[in-house]
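A.B. asks: Mind having a look at this structure? Questions to follow.
There are 2 protein chains.
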Amino acid sequence: MFSSYRLLIPNFNTAPRPPSSDLLAILEDQGYRSTYQRRTVVGMLERKGDGFTAEEVAEELPKVGRATVYRTIKLLLKAGMLCKLPLPNGAHKYIMARAEHHHHTVCVRCGAVGEFRNSTVERVLRAIGSDMPGEIVGHRMELYLICRDCLNAPAE
Amino acid sequence: MFSSYRLLIPNFNTAPRPPSSDLLAILEDQGYRSTYQRRTVVGMLERKGDGFTAEEVAEELPKVGRATVYRTIKLLLKAGMLCKLPLPNGAHKYIMARAEHHHHTVCVRCGAVGEFRNSTVERVLRAIGSDMPGEIVGHRMELYLICRDCLNAPAE
DNA sequence: CTCATAAACGATACAATGTATCACTTTGTA
DNA sequence: TACAAAGTGATACATTGTATCGTTTATGAG
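The listed protein sequences derive, respectively, from chains A and B. Heads up: the first sequence at position 5 corresponds to 5 in our numbering, and the numbers run straight through without jumps. Heads up: the second sequence at position 108 corresponds to 108 in our numbering, and the numbers run straight through without jumps.
This is the structure in structure tokens:
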């Protein structure tokens, strides 16, 4: 039984997105235009492995308007290409969605994000779902931990 | 295998709070003063079964300042007596924590909150935790569904 | 290629949800 | 009862977005 973590529900869609890595192409296939701003934002997000906030992206891309950054992020969320990951402090990060279903871990000290995947959890959740009144449309799950680096770090 | 749902991690504390229902007494035991405002807010929260937003509370209690409502909610969160429950739309509700560990369901149509508890999930999560690099300090999990009422309702 | 049109954009105002500040009030206790 | 610490209210501010609207750009028809 092993692990890597992921936030399942960008927009409560349980289906994983197609295994293409060219987000822009996917957007175009969905009828969205390929603009300089979208290319810039998507390019940057793809390079950021470890999660980011919207403001962070806006700051690092002064050539793209703040509103457009938010619009693009919203678009990618809706298209299921981004996950919105709640942090312990009430804030949250965005992180690229992977094709395979998984969940996320967040270090409560340094905020580092990890992923895990565990078929047992999924199976149990499905079983629970079949017992619940109503129709399950998704789930969300995060593990909070103190990562190895923080455990080893001297400072409290 | 049955169910009822709950947000585990108010402040990432895995321990359930003591099975007393007198929140005010608990606060006092922790050294907090019993003020008119806290009594009013806590009293109201205890009566609200189905979750609430901070603004909702502030509006219904015009005699208590807005800042104090937020302060009290923050206090109760820190003390582990409230859960902060993320909603599909990015907003969230607060809901009283129960003594027993459980998770929450949220209807993505009407926002109704349910609870479930399932020992298998907890066991699996513990097992995953022991495999992860780092020290697990808590987890969070929500199921999103369309509740029976919404399924039966005529409107789409 | 060029133009019309819908889509997207930027600037900016606004909204929602909280937090910080600080002078004032209340609580608990010596 | 009086005092210090804790708590409060009013208000300003912070963060994270969304709405508006006039301008620019991508795209596809001709």
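Where a beta carbon is used, it is the ideal one built from N, C-alpha and C, also for glycine.
Within the same chain, show all residues whose beta-carbon is closer than 8 Å to that of leucine 61(A), passing over the 5 residues directly before and after it, in chain order.
C.D. replies: Same-chain partners within the cutoff: Thr40, Val41, Met44, Val69.
A.B. asks: Can you tell me whether DSSP reads threonine 105(B) as helix, strand or coil?
C.D. replies: Here threonine 105(B) sits in strand by DSSP.
A.B. asks: Are the C-beta of methionine 132(A) and some C-beta of chain B separated by less than 8 Å?
C.D. replies: yes
A.B. asks: Which same chain residues, not among the five before or five after leucine 76(B), have their C-beta less than 6 Å away from its C-beta?
C.D. replies: Leu82
A.B. asks: Put glycine 114(A) into one of helix, strand or coil per three-state DSSP.
C.D. replies: strand
A.B. asks: What residues from chain A crowd round phenylalanine 116(B), counting only those whose CB sits closer than 8 Å?
C.D. replies: Ile128, Met132
A.B. asks: So which residues on chain A does glutamate 142(B) lean against when the C-beta distance must stay under 7 Å?
C.D. replies: His139, Arg140
A.B. asks: Is the CB of cysteine 83(A) under 8 Å away from at least one CB in chain B?
C.D. replies: Taking 8 Å as the threshold, the shortest C-beta distance from cysteine 83(A) to chain B does not fall below it.
A.B. asks: In or out: glutamate 142(A) buried (at least 16 other Cβ within 10 Å) or exposed?
C.D. replies: buried
A.B. asks: Less than 8 Å between CB atoms is the rule here; does threonine 35(B) satisfy it with respect to chain A?
C.D. replies: no
A.B. asks: So, does the CB of serine 21(B) fall closer than 8 Å to a CB anywhere in chain A?
C.D. replies: Residue placement at serine 21(B) is poorly supported in this model, since its pLDDT is 44, which falls under 50; the coordinates still yield a value, given next. Not an interface residue.
A.B. asks: What first and last residue would you give for the alpha helix (DSSP H) that runs through glycine 129(B)?
C.D. replies: 119-131
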